[in-house]
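The listed protein sequences derive, respectively, from chains A and B.
Heads up: the first sequence begins at 1 in full-length UniProt numbering, then just goes up one per residue.
Heads up: the second sequence begins at 1 in full-length UniProt numbering, then just goes up one per residue.
All C-beta atoms in this analysis are idealised placements derived from N, C-alpha and C, irrespective of residue type, glycine included.
Contents: one structure, followed by commentary.
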Amino acid sequence: MVVPFLFPALAVYTLIFVYPAFDAVRVSLFQWNGFTTRMTYIGFGNYRHLLSDPTFWVSLRNTAVIAIGGGAGIFGLAFFFSAILQREIRGKKFFRALMFFPIVLPGVGVGMIWQFVYNRSWGPLSAFLNAVGLGSLDQTWLGPKLIIPSLTIAVIWTYMGFYLVILMAGIDKIPKSYFEAAKMDGASDWRTFWLITLPMTWDVLVVAMVLWLISAMKIFDLIVATTFPSPPRSGFTMTIFIWERAVGAYTPVFELGYATALGVVLLVCVVAGVAVLRLITRRERIEY
Amino acid sequence: MDTATQVVTPARQHPLEQDRPRLTPGRLIGNLPYYVVLGLWAALTIFILLWLFSGSLKSNVEIFGSPWALPKNPSADGAKNYSAAWTTAHMSIYFVNSVLVTSVSVVITVAISAPAAYVLSRIPFRGSTLINYYFIAGMGLPFQLILVPLYVLLVQIGLIDTRAGLTLTYVGVSIPFTIILLTGFFRSLPSELEEAGAVDGCSELGIFWRIMMPIATPGLFTAAIFNFVMIWQEFLLAQLLLSSDGNKTLPVGLMGLRQTMQYNSNWAAMFAAVMIIVVPSFIVFVALSNRIMAGLTLGAGK
Numbered sequence: 001m002v003v004p005f006l007f008p009a010l011a012v013y014t015l016i017f018v019y020p021a022f023d024a025v026r027v028s029l030f031q032w033n034g035f036t037t038r039m040t041y042i043g044f045g046n047y048r049h050l051l052s053d054p055t056f057w058v059s060l061r062n063t064a065v066i067a068i069g070g071g072a073g074i075f076g077l078a079f080f081f082s083a084i085l086q087r088e089i090r091g092k093k094f095f096r097a098l099m100f101f102p103i104v105l106p107g108v109g110v111g112m113i114w115q116f117v118y119n120r121s122w123g124p125l126s127a128f129l130n131a132v133g134l135g136s137l138d139q140t141w142l143g144p145k146l147i148i149p150s151l152t153i154a155v156i157w158t159y160m161g162f163y164l165v166i167l168m169a170g171i172d173k174i175p176k177s178y179f180e181a182a183k184m185d186g187a188s189d190w191r192t193f194w195l196i197t198l199p200m201t202w203d204v205l206v207v208a209m210v211l212w213l214i215s216a217m218k219i220f221d222l223i224v225a226t227t228f229p230s231p232p233r234s235g236f237t238m239t240i241f242i243w244e245r246a247v248g249a250y251t252p253v254f255e256l257g258y259a260t261a262l263g264v265v266l267l268v269c270v271v272a273g274v275a276v277l278r279l280i281t282r283r284e285r286i287e288y
Numbered sequence: 001m002d003t004a005t006q007v008v009t010p011a012r013q014h015p016l017e018q019d020r021p022r023l024t025p026g027r028l029i030g031n032l033p034y035y036v037v038l039g040l041w042a043a044l045t046i047f048i049l050l051w052l053f054s055g056s057l058k059s060n061v062e063i064f065g066s067p068w069a070l071p072k073n074p075s076a077d078g079a080k081n082y083s084a085a086w087t088t089a090h091m092s093i094y095f096v097n098s099v100l101v102t103s104v105s106v107v108i109t110v111a112i113s114a115p116a117a118y119v120l121s122r123i124p125f126r127g128s129t130l131i132n133y134y135f136i137a138g139m140g141l142p143f144q145l146i147l148v149p150l151y152v153l154l155v156q157i158g159l160i161d162t163r164a165g166l167t168l169t170y171v172g173v174s175i176p177f178t179i180i181l182l183t184g185f186f187r188s189l190p191s192e193l194e195e196a197g198a199v200d201g202c203s204e205l206g207i208f209w210r211i212m213m214p215i216a217t218p219g220l221f222t223a224a225i226f227n228f229v230m231i232w233q234e235f236l237l238a239q240l241l242l243s244s245d246g247n248k249t250l251p252v253g254l255m256g257l258r259q260t261m262q263y264n265s266n267w268a269a270m271f272a273a274v275m276i277i278v279v280p281s282f283i284v285f286v287a288l289s290n291r292i293m294a295g296l297t298l299g300a301g302k
């Protein structure tokens with residue numbers, strides 16, 4: 001019964017996901033515009049090309065900024081809110097659900113909403129600043145200068161609650177007596193956090209950070225919708241760049257081999273990023 | 001090991017928290033700064049959603065003129081905007097496509113992942129670990145990697161620009177996580193179950209179908225919800241594979257609509273269209289928030 005039970009899942013997964021992934025490595029060695037069946041073998045040409053492509057480096061940097069900056073914001077806020085929700089607060093479940101909610105929304109919808117929010121001529125953010133007399137702070141939020149910080153804020157809003165719920169589940173597993181003992185000894189909230197909460201949730205935190213890193217590098221729909229029709233070149237991320245080369249951000253380029261090589265590089269970045277994160281967060285396991 | 005308990009009772013509370021906190025005035029004031037911070041974040045989220053809703057009930061003139069004002073003529077303008085989005089902009093077609101593609105994908109994914117996960121977790125055989133890793137590897141693969149080969153593949157098998165092709169794709173990419181989730185779930189069930197079944201003369205198939213499946217229902221349900229949320233909002237693959245208007249799903253349709261907006265700038269209808277994509281998720285979340293939170297965060301609990 002092993003074979004018939006495994007076969008359908010193995011077959012569909014292999015055909016749709018694994019085979020294209022391997023085929024991608026082959027395609028990345030060709031130059032191909034997709035209009036004809038003629039593909040020109042150029043070896044590592046696409047990879048050499050990307051090393052000297054300034055847009056590639058900009059995209060890589062922006063992806064890293066969103067992953068690291070967004071991650072810092074997400075986990076900082078998630079710990080902060082989890083500490084608050086630890087207390088005897090009324091409506092705890094409501095707040096938790098409300099913070100979690102944005103992750104459930106379609107990314108395209110969330111992106112549209114943020115595009116409206118950041119709209120300088122009729123969006124609420126600029127209107128608010130002008131109304132309270134801070135008009136001098138009003139900016140082109142999605143212009144070349146601010147696009148990555150603006151996107152990072154939208155990303156933090158969208159993903160924070162998800163990681164909050166993960167961390168809260170980890171904190172709930174810490175025996176209550178630890179916190180009580182700390183309180184009895186007169187430890188400050190801050191010390192309790194550093195000496196109990198953080199070390200005791202470390203494993204959960206590491207898994208959560210790995211999950212974040214993987215998903216951060218893949219964020220696409222939120223960015224494409226927020227920056228519609230297309231971000232300025234200086235605001236490209238890896239996912240946007242790949243999309244633009246392959247299918248075109250509404251102005252097709254059709255460099256299919258190049259786009260696929262970029263996809264391979266993205267995969268390498270994901271794997272390398274996770275390996276580095278694992279390495280720097282390694283420590284003895286605490287049993288309790 | 002915790003997985004199953006989490007799936008079965010997602011809203012499990014710490015025993016100590018079960019009695020409601022007594023709210024004395026002193027405690028209320030002591031917690032005030034925290035309520036302020038929580039309130040600010042909650043207000044931001046609620047404001048964004050309400051602002052979207054109010055925008056969908058305004059006329060274009062109002063949207064451009066006064067972003068903070070309430071809609072002047074909500075029922076008339078609302079009806080106009082929603083019918084423009086729903087009928088003229090074909091959101092109704094996209095909606096039906098989304099429901100169709102999502103539900104069929106979810107059912108097939110769970111139906112073929114459950115037996116595989118069962119075999120991988122409960123029946124020892126050579127290569128079991130290897131196959132397990134083979135599925136886990138799929139978790140790290142970005143969709144961006146497979147765009148071109150997947151497109152070519154679907155052209156070759158004649159399913160490009162069809163809802164069936166998109167459904168097949170969703171099943172393929174959803175299998176890894178579903179199997180990981182269900183494997184963890186099956187592993188946590190006690191082994192006495194199969195033994196009892198075997199003693200009573202149940203066949204292996206009978207054990208799976210009549211003993212394990214009924215117990216696994218909460219796990220299957222969680223997997224189904226997880227996949228529903230993910231597939232309902234998927235944009236990249238749908239945009240890649242679908243080109244005819246009649247086949248598009250909601251996210252693709254919405255982006256297409258946004259593109260037309262460039263020319264006719266009917267922003268009010270755009271607000272209504274965003275509402276149409278947001279509201280179903282909102283309803284599902286309100287109805288199933290505990291299950292969704294348990295399901296989406298399950299992978300990290302291990």
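- Candidates B/G253, B/N31 and B/V286: closest to B/Q233 by CA position: By 1-based counting over the second sequence, the position of residue 233 of chain B is 233. B/Q233 has its Cα closest to that of B/G253, out of B/G253, B/N31 and B/V286.
Quick check on the burial criterion: 16 or more other C-beta atoms within 10 angstroms. Buried or exposed for B/N227?
Counting from 1 along the second sequence, the entry for residue 227 of chain B is found at position 227. Result: buried.
Short CB-CB distance (under 8 Å) between B/I63 and chain A = Indexing the second sequence from 1 puts residue 63 of chain B at position 63. So, interface residue.
message = Can you look up A/F30 in the DSSP assignment and give me helix, strand or coil?
response = By 1-based counting over the first sequence, the position of residue 30 of chain A is 30. A/F30: strand per DSSP, three-state reduction.
* Asked: For A/M112 and chain B, any beta-carbon pair shorter than 8 Å?
  -> By one-based count along the first sequence, residue 112 of chain A stands at place 112. Yes - at least one Cβ of chain B is within 8 Å of the one on A/M112.
**Asked** In chain order, what residues of the same chain have a beta carbon less than 6 Å from the beta carbon of A/L167, not counting five sequence neighbours either side?
**Response** Against the first sequence, residue 167 of chain A aligns to sequence position 167. For A/L167, where only same-chain residues beyond five positions count, the Cβ hits under 6 Å are A78 and S82.
* To do: Give every residue of the same chain whose Cβ lies closer than 6 Å to the Cβ of B/G78, excluding the five residues on either side of it in the sequence, and list them in chain order.
  => If you number the second sequence from 1, residue 78 of chain B lands on position 78. L57.
- Query: Taking the alpha-carbon positions, what's the A/G43 to A/L51 distance?
  - Reply: One-based indexing of the first sequence puts residue 43 of chain A at position 43. One-based indexing of the first sequence puts residue 51 of chain A at position 51. Rounded to whole angstroms, A/G43 to A/L51 spans 15 Å at the Cα level.
**Message:** Can you list, in chain order, the residues of its chain with a C-beta nearer than 7 Å to that of B/A238? Leave out the 5 residues immediately preceding and following it.
**Reply:** For the purposes of this step, residue 238 of chain B is taken as the residue at position 238 of the second sequence. Here the set comprises L166, T249, P251 and V252.
- prompt: Does any CB atom of chain A fall closer than 8 Å to the CB of B/G138?
  reply: Along the second sequence, one-based indexing puts residue 138 of chain B at 138. So, interface residue.
**Request:** From the DSSP output, in three-state form, read off B/T162 for me.
**Result:** Along the second sequence, read from residue 1 onward, the residue named residue 162 of chain B stands at position 162. Coil at B/T162, not helix or strand.
Q) If we count the other Cβ atoms within 10 Å of its Cβ and call it buried at 16 or more, is A/S126 buried or exposed? A) Translated into positions along the first sequence, residue 126 of chain A becomes position 126. Buried.
* Asked: When the cut-off is 8 Å and only beta carbons count, does B/Q144 lie next to chain A?
  -> Against the second sequence, residue 144 of chain B aligns to sequence position 144. Closer than 8 Å to some Cβ of chain A, the Cβ of B/Q144 qualifies, so yes.
Practice problem: Name, in chain order, the residues that DSSP records as bridge partners for A/Y41. | Solution: Locating residue 41 of chain A in the first sequence gives position 41, where the first residue counts as 1. A/F30, per the DSSP bridge assignment.
Next item on the list: Would you please verify whether the beta carbon of B/P71 is less than 8 Å from any beta carbon of chain A?
Entry: Counted from its first residue, the second sequence places residue 71 of chain B at position 71. Output row for B/P71: interface = no.
Is it buried or exposed for A/W157, if we count other Cβ within 10 angstroms and need 16 for buried? Locating residue 157 of chain A in the first sequence gives position 157, counting from the first residue. With 16 or more Cβ atoms within 10 Å of its Cβ, A/W157 is classed as buried.
To the nearest angstrom, how far is the alpha carbon of A/V27 from that of A/W212? Locating residue 27 of chain A in the first sequence gives position 27, where the first residue counts as 1. Locating residue 212 of chain A in the first sequence gives position 212, where the first residue counts as 1. Approximately 29 Å between the Cα atoms of the pair.
Check the Cβ-Cβ distances between B/W209 and every residue of chain A, and say whether any is below 8 Å.
-> Along the second sequence, one-based indexing puts residue 209 of chain B at 209. Judged by the 8 Å Cβ criterion, B/W209 is not in contact with chain A.
Thinking just about the alpha-carbon of each residue, which of A/A208, A/V206 and A/A181 is nearest to the one in A/I196? For the purposes of this step, residue 196 of chain A is identified with residue 196 of the first sequence, where counting begins at 1. Cα-wise, what sits closest to A/I196 is A/A181.
Original post:
For A/L267, does the count of other Cβ atoms within 10 angstroms reach 16, so buried, or fall short, so exposed?
Top reply: In the first sequence, the residue the question calls residue 267 of chain A occupies position 267. Its Cβ being crowded by 16 or more others within 10 Å, A/L267 is buried.
Taking the alpha-carbon of A/F254 as reference, which of A/A261, A/E244 and A/L262 has the nearest alpha-carbon?
Locating residue 254 of chain A in the first sequence gives position 254, counting from the first residue. Among A/A261, A/E244 and A/L262, the Cα nearest to that of A/F254 is on A/E244.
Q.
How far does the alpha helix (DSSP H) with B/F47 in it extend, from its first residue to its last?
A. If you number the second sequence from 1, residue 47 of chain B lands on position 47. Taken as a continuous stretch (DSSP letters only), the alpha helix (DSSP H) holding B/F47 covers L32 to G55.
Check your understanding: When the Cα atoms are used, what is the spatial distance from B/A272 to B/S174?
Key -> Start at 1 with the first residue of the second sequence, and residue 272 of chain B comes out as number 272. Start at 1 with the first residue of the second sequence, and residue 174 of chain B comes out as number 174. Taking the straight line joining both Cα atoms gives about 30 Å.
Contacts of B/R258 in chain A (Cβ-Cβ under 9 Å):
Numbered from 1 along the second sequence, position 258 holds the residue referred to as residue 258 of chain B. Within chain A, the residues near B/R258 are V108, M112, Q115, A225, F228 and P229.
Discussion item. Does the CB of B/G172 have a neighbour CB from chain A at under 8 Å?
Written reply: Counted from its first residue, the second sequence places residue 172 of chain B at position 172. The beta carbon of B/G172 falls within 8 Å of a beta carbon belonging to chain A, placing the residue at that interface.
Practice problem: Using the Cα positions of A/G257 and B/N247, report the straight-line distance between them to the nearest angstrom. | Solution: In the first sequence, counting from the first residue as 1, residue 257 of chain A sits at position 257. In the second sequence, counting from the first residue as 1, residue 247 of chain B sits at position 247. Cα to Cα, the separation comes out at about 28 Å.
Subject >> Residue of B/N31, B/F47 and B/I93 minimising C-alpha distance to residue 301 of chain A >> reply: What the structure shows of chain A is the stretch from 1 to 288, and residue 301 of chain A is not part of that stretch, so it cannot be assessed.
| Cα-Cα separation, B/A300 to A/L134 | Taking the first residue of the second sequence as 1, we reach residue 300 of chain B at position 300. Taking the first residue of the first sequence as 1, we reach residue 134 of chain A at position 134. At B/A300, the pLDDT of 49 sits below 50, so the modelled position is not reliable; the number obtained from the coordinates is stated separately. About 43 Å.
| message | Under 8 Å, Cβ to Cβ, is there at least one residue of chain B near A/M184? | response | The sequence position of residue 184 of chain A within the first sequence is 184, counting from 1. So no, A/M184 is outside the interface.
Item checked: Whole-angstrom C-beta distance between A/G73 and B/Q144, which should lie under 8 Å -> As a first step, residue 144 of chain B is located in the second sequence; it is residue number 144 there, counting from the start. As a first step, residue 73 of chain A is located in the first sequence; it is residue number 73 there, counting from the start. Going by Cβ atoms, the distance from B/Q144 to A/G73 rounds to 24 Å, so no, they are not a contact pair.
Practice item. Apply the 10 Å Cβ neighbour rule to A/P20 and answer buried if 16 or more other Cβ atoms are within range, or exposed otherwise. Key: Locating residue 20 of chain A in the first sequence gives position 20, counting from the first residue. With 16 or more Cβ atoms within 10 Å of its Cβ, A/P20 is classed as buried.
| Contacting positions in the stretch 171 to 197 of chain B - beta carbon closer than 8 Å to chain A | V171, G172, V173, I175, P176 and I179
For A/N130, is the classification buried or exposed, using 16 other Cβ atoms within 10 angstroms of its Cβ as the cut-off for buried? Taking the first residue of the first sequence as 1, we reach residue 130 of chain A at position 130. Exposed is the call here.
### Task
Can you give me the Cβ contacts of A/V58 inside the same chain, cut-off strictly under 8 Å, excluding the 5 residues immediately before and after it?
Within the first sequence, numbered from 1, the residue matching residue 58 of chain A stands at position 58. Correct list, in chain order: R233, S234 and F236.
Q.
Using beta carbons (cut-off 8 Å, strictly below), is B/T45 in contact with chain A?
A. Within the second sequence, the letter at position 45 stands for residue 45 of chain B. So yes, B/T45 belongs to the interface.
Members of the stretch 215 to 227 of chain B that neighbour chain A once the beta carbon cut-off is set at 8 Å: The stretch 215 to 227 of chain B vs chain A, Cβ under 8 Å: nothing.
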